[in-house]
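Undergrad: My numbering applies: residue 3 is where the sequence shown begins, and numbers increase by one.
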Amino acid sequence: MRHLFIIAFVITFSIINSQTIQSPDGNLTLTFKLTDEGIPVYRLNYDRQIVIKESRLGLSLKETPSLDEGFTISKVDSSSTDEIWEPVWGEVKTIHNNYRELTITLAQPSVNNRQMMIRFRLFNDGLGFRYEFPMQDNLNYFTVADELTQFSLTGDHTAFWIPGDYDTNEYYYIKSSLSKVDALFGKSVDEIFAKTVIGKNFVQSPLMMKTGEGLYVNIFEAALVDYPAMHLEIDQSDFLLTSHLVPDAVGNKAYMQTPCKTPWRTVIVSDDATDILESKTILNLNEPSKVDDTGWIKPMKYVGIWWEMHVGTSSWNYADVNNVSLTLTDWKSLIPNGKHGATTERTKRYIDFAAEHGFDGVLVEGWNVGWEDWFGKWKEEVFDFVTPYPDFDVEEISRYAASKGVKMIMHHETSSSVTNYERRMDEAYEFMKKYGYPAVKTGYVARIIPRGEFHDGQWMVQHYVRVAERLAKNKLMLNAHEAVRPTGLHRTYPNWLACESARGNEFNAWSVGNPPEHETILPFTRLMGGPMDYTPGIFQIKMNFYNPDKKEQVHTTLAKQLALYVTMYSPLQMAADLPENYEKHLDAFQFIKDVDVDWDDTKYIEAEPGDYITVARKAKGKNEWFIGAITDENERMAIIPLTFLEKDKKYTATIYADAKDAHWETNPMAYEIRPRTVTSKDVLKIKLAPGGGCAISIR
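1) Less than 8 Å between the C-beta atoms of Asn516 and Phe509, yes or no?
2) Which residues in the same chain have their Cβ closer than 6 Å to the Cβ of Ile9, if we skip the five residues on either side of it in sequence?
3) Which runs of the beta strand (DSSP E), 3 residues or longer, sit entirely within the segment 181-211?
4) Short of 6 Å in beta carbon distance, which residues of its chain neighbour Thr213, apart from the five on each side in sequence? Order them along the chain.
5) Taking Leu686 as the reference, give the member of His457, Ile698, Thr74, Ala578 with the closest Cα.
6) If the criterion is Cβ atoms closer than 8 Å, does the pair Thr353 and Lys435 meet it?
7) Does the separation of the CB atoms of Ile221 and Leu247 fall below 8 Å?
8) Give me the DSSP bridge partner(s) of Phe591.
9) Are Val408 and Ala357 touching if we call contact CB-CB under 8 Å?
10) Suppose only complete runs of 4+ residues qualify. What are the alpha helix (DSSP H) ranges in the segment 523-551, listed by chain order?
11) The beta strand (DSSP E) with Val305 in it runs from where to where?
12) Tell me the DSSP secondary structure of His312 in three-state form.
13) For Lys292, which of helix, strand or coil comes out of DSSP?
14) Tell me the rounded alpha-carbon separation between Ala577 and Asp274.
15) Under a three-way DSSP split, which group does Val219 fall into?
16) Taking the alpha-carbon positions, what's the Phe593 to Asn546 distance?
17) Would a C-beta distance cut-off of 8 Å place Trp376 and Pro390 closer than the cut-off?
18) Could you give the uninterrupted runs of the beta strand (DSSP E) lying entirely in the segment 104-182, keeping only those of 3 residues or more?
19) Helix, strand or coil for Lys409? Go by DSSP, reduced to three states.
20) Give the range of the beta strand (DSSP E) segment to which Lys687 is assigned.
21) Distance, Cα to Cα, Asp79 vs Asn140?
22) Do you know how far the Cα of Lys263 is from the Cα of Lys415?
23) Just to confirm before moving on: does the CB-CB distance between Ser76 and Thr105 stay below 8 Å?
24) If you compare alpha carbons, which of Leu150, Arg45, Phe195, Ser178 is closest to Phe122?
25) DSSP on Leu285, reduced to helix/strand/coil?
26) If you check the beta carbons only, do Tyr614 and Thr633 fall under 8 Å apart?
27) Only counting runs of 3 or more residues, tell me where the beta strand (DSSP E) segments fall wholly within the segment 328-410, in order along the chain.
28) Indicate whether the contact test is met: 3 or more Cβ pairs, each with one atom in the segment 249-257 and one in the segment 449-468, closer than 8 Å.
29) Short of 8 Å in beta carbon distance, which residues of its chain neighbour Gly623, apart from the five on each side in sequence? Order them along the chain.
30) Quick test of the definition: if touching needs 3 or more C-beta pairs under 8 Å, does the segment 559-574 touch the segment 490-503?
31) Where do the N-terminal and C-terminal ends of the alpha helix (DSSP H) with Tyr567 fall, by residue?
32) Answer yes or no: do Ile54 and Ser179 have a C-beta to C-beta separation smaller than 8 Å?
33) Taking the Cβ atom as the reference point for each residue, do Ala224 and Gly130 lie within a distance shorter than 8 Å?
34) Taking Thr31 and Thr22 to be in contact with their CB atoms under 8 Å, please state how far apart those CB atoms are, rounded to whole angstroms.
35) Taking Asn100 as the reference, which of Ser25, Ile642, Val205, Trp380 has the closest Cα?
36) Can you grab the Cα-Cα spacing for the pair Lys562 / Ile629, in whole Å?
Listed below in structure tokens is the structure:
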């Protein structure tokens, strides 16, 4: 990571009750003041438009006076920073970090002059602010009962939302006005096992909105490390959003010890939707890498034994029994069910496929004992993460993968028995290193143990960070599933390659699935905080291929599945389908083989949340570009100017497009591939089928 230039200065103002700063380009204006009651409030403007009306700040504390009113301003500091830094991996080679900062130190005279600081950072595309608590005699330990942060909106904006839920974010998105939000629909989403819907007017962050005047506004948070996740409560009469934190098992929100700070609250705003996707404010608000030596961190493409379990041709469990203990010493005594996917023979098939087609790794789920009867049991001792089933020869597989130049990816389904996992992490990571597994996919299906805790509460947030830190010390990489949604921590822990933390592709295999607009919304919501392991690349779209009675299907065309490798950014991308399905379409599979997972540059060409996205990315260290364009359920024309190409050079473009009669529902596997010579002067016009897309490689 290399700092190219930094400008910083500090000015201490004369203390008045109102302060204003502008973004470096002057488009955004932040105003802070204290009311007559000593309540801190702020306002945000974009150009001449109000984005956030006057909104209160503060925290409600338990068993001690709250940090909400009766404040005076004791100090005001301002500074400006302009720097360039290089991520270990990412969408671009360098990131510009340019902001103006305003820090207000508040004192409460009625409570022994307790101090609280509010730090604002105003970027060209948005605002970040957080609460900070210096070490002080009058405030050592405190318990947060509620956070009072508000976002007072200017109207009944169009919103893209999922229900507020303490345990899951695996919902499909709803588009509606704020006044029409009814999050209780989440209670009827039966395919999600562990869910805790908060109430009718509660939604999750990040919340993407569009105003009637055409402004795009995204509200989220950054650097969530020691605090519960923030949801938003909507006052549907005056469109006031209030932060709502995930509680712990006894109803408290957070336990704090000074000096400490909260995560950043963020408001990203622009009159162009592509600016929202390009924003690096979330990343810039996170701390630089805590991993000094990052040479071992490598983005990966992988295949694996996973999708076949979701479509029902294989199983995670080795035997079909209703009661089995982890203390069972003779697993060979169980009668195999004949459908176990994670066998030595089947794993070698995937290793051979990965080696033949140039993939980095192979994931195997269901390799370890314990899968028989834990689901839904709230069971403590489920997995030990080191004992393979009798038909999975870990030593032979490790040897075989190494001989083929393929890395194995470990799978640790914790069953949400997190205390069990924490006891066993060190042994499990030593096991990984012994057998040459450089990365692990963790899972947190089911309700959390310790019982009463939630997936997104403070205790679990601390756990996810501990896992990333422990893995980094062992030079191992992380892909977390069913964890709290990411908030830019992959800058601080670059071994944290990806998360799921949203409704992934697997829901298409066995549920109502993901509607065609789903993938056009995720980059504006879930992906604002970091890469998603969405597991694209499904070629066999209709599930009746596996079982004539199944009506489920993937709600895209095959060409759109290719485009997702570009539009759904991740340095860890899975070719999720079965090798047998790819071998029927090797011409289309070529794009998955060719597409990169690490980038020098990214250009968002056109976008509208819920409708369409077109993005072009330049491969790391190569003069090669890859383009993905996707649409919702509507047919449309993607307009792609190639002005990002070098002038006076000719390139060969390979276009993977929907066939003329393609349709996500009636004819999803119809595609065509056509080569074309292009230059920077060309503008490609490509028809996208309903629920379709196109993928383009330019070399």
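The beta-carbon is built from N, C-alpha and C at its ideal position, and this holds for glycine as well.
TA: Reading off the structure:
1) Counting from 1 along the sequence shown, the entry for residue 516 is found at position 514. Counting from 1 along the sequence shown, the entry for residue 509 is found at position 507. Less than 8 Å divides the Cβ of Asn516 from the Cβ of Phe509.
2) Residue numbering aside, residue 9 sits at position 7 when the sequence shown is read from its first letter. Low per-residue confidence applies at Ile9: pLDDT is 42, beneath 50, and the placement is therefore not dependable enough to give any value.
3) Complete beta strand (DSSP E) runs here, min 3: 204-206.
4) Residue 213 sits at position 211 when you count from the first residue of the sequence shown. Result list for Thr213: His159, in chain order.
5) Numbered from its first residue, the sequence shown carries residue 686 at position 684. Cα-wise, what sits closest to Leu686 is Ile698.
6) Locating residue 353 in the sequence shown gives position 351, counting from the first residue. Locating residue 435 in the sequence shown gives position 433, counting from the first residue. The question names Thr, yet the displayed sequence has Ile at residue 353. No, the Cβ-Cβ distance between Ile353 and Lys435 is not below 8 Å.
7) As a first step, residue 221 is located in the sequence shown; it is residue number 219 there, counting from the start. As a first step, residue 247 is located in the sequence shown; it is residue number 245 there, counting from the start. Taking the C-beta atoms as reference points, Leu247 is found no nearer than 8 Å to Ile221.
8) Position 589 of the sequence shown, counting from 1, holds the residue named residue 591. The partner list for Phe591 (beta bridge, DSSP) is empty, contrary to what the question assumes.
9) Numbered from its first residue, the sequence shown carries residue 408 at position 406. Numbered from its first residue, the sequence shown carries residue 357 at position 355. Contact flag set, yes.
10) DSSP assignment within the segment 523-551 yields no whole alpha helix (DSSP H) run of 4 residues or more.
11) Residue 305 sits at position 303 when you count from the first residue of the sequence shown. Secondary structure note for Val305: its beta strand (DSSP E) is the uninterrupted segment 302-307.
12) Against the sequence shown, residue 312 aligns to sequence position 310. Helix at His312.
13) For the purposes of this step, residue 292 is identified with residue 290 of the sequence shown, where counting begins at 1. In the structure shown, Lys292 sits in coil (DSSP, three-state: anything other than H, G, I, E or B).
14) Reading the sequence shown from its first residue, position 575 is the one you call residue 577. Reading the sequence shown from its first residue, position 272 is the one you call residue 274. Going from the Cα of Ala577 to the Cα of Asp274 covers about 32 Å.
15) Looking up residue 219 in the sequence shown gives position 217. Reduced to three states, the DSSP call for Val219 is strand.
16) Within the sequence shown, the letter at position 591 stands for residue 593. Within the sequence shown, the letter at position 544 stands for residue 546. Using only the alpha carbons, I get a separation of about 26 Å.
17) To locate residue 376, count along the sequence shown from 1; it is residue 374. To locate residue 390, count along the sequence shown from 1; it is residue 388. Contact flag unset, no.
18) Listed in chain order, the complete beta strand (DSSP E) runs (minimum 3 residues) inside the segment 104-182 are 116-125, 128-135, 143-149, 152-154, 160-163, 176-179.
19) The residue given as residue 409 occupies position 407 in the sequence shown. Looking at Lys409 - three-state DSSP - the assignment turns out to be strand.
20) Within the sequence shown, residue 687 is the residue found at index 685, counting from 1. Residues 685-690.
21) Along the sequence shown, one-based indexing puts residue 79 at 77. Along the sequence shown, one-based indexing puts residue 140 at 138. About 23 Å.
22) Your numbering for residue 415 matches position 413 in the sequence shown. Your numbering for residue 263 matches position 261 in the sequence shown. Just to set this straight, residue 415 is Glu in the shown sequence, not Lys. Glu415 and Lys263 have their alpha carbons spaced roughly 32 Å apart.
23) As a working mapping, residue 76 is identified with position 74 in the sequence shown. As a working mapping, residue 105 is identified with position 103 in the sequence shown. The beta carbons of Ser76 and Thr105 sit no closer together than 8 Å.
24) Against the sequence shown, residue 122 aligns to sequence position 120. Looking at the Cα atoms, Arg45 is the closest of the given residues.
25) For the purposes of this step, residue 285 is taken as residue 283 along the sequence shown, with counting starting at 1. Note: Leu285 maps to helix in three-state DSSP.
26) Within the sequence shown, the letter at position 612 stands for residue 614. Within the sequence shown, the letter at position 631 stands for residue 633. If you check the CB distance, Tyr614 and Thr633 come in under 8 Å.
27) For the segment 328-410, whole beta strand (DSSP E) runs of length 3 or above, ordered along the chain, are 363-366.
28) Counting Cβ pairs under 8 Å, three or more are found: they touch.
29) Numbered from 1 along the sequence shown, position 621 holds the residue referred to as residue 623. Correct list, in chain order: Asp602.
30) Counting Cβ pairs under 8 Å, three or more are found: they touch.
31) Translated into positions along the sequence shown, residue 567 becomes position 565. According to the DSSP assignment, Tyr567 belongs to the alpha helix (DSSP H) that extends over 560-569.
32) Numbered from its first residue, the sequence shown carries residue 54 at position 52. Numbered from its first residue, the sequence shown carries residue 179 at position 177. Cβ atoms of Ile54 and Ser179: not closer than 8 Å.
33) Taking the sequence shown and counting its residues from 1, one reaches residue 224 at position 222. Taking the sequence shown and counting its residues from 1, one reaches residue 130 at position 128. Yes, the Cβ-Cβ distance between Ala224 and Gly130 is below 8 Å.
34) As a first step, residue 31 is located in the sequence shown; it is residue number 29 there, counting from the start. As a first step, residue 22 is located in the sequence shown; it is residue number 20 there, counting from the start. The Cβ separation is near 6 Å, so the contact holds.
35) For the purposes of this step, residue 100 is taken as the residue at position 98 of the sequence shown. Cα-wise, what sits closest to Asn100 is Ser25.
36) Locating residue 562 in the sequence shown gives position 560, counting from the first residue. Locating residue 629 in the sequence shown gives position 627, counting from the first residue. Between Lys562 and Ile629, the C-alpha separation is close to 12 Å.
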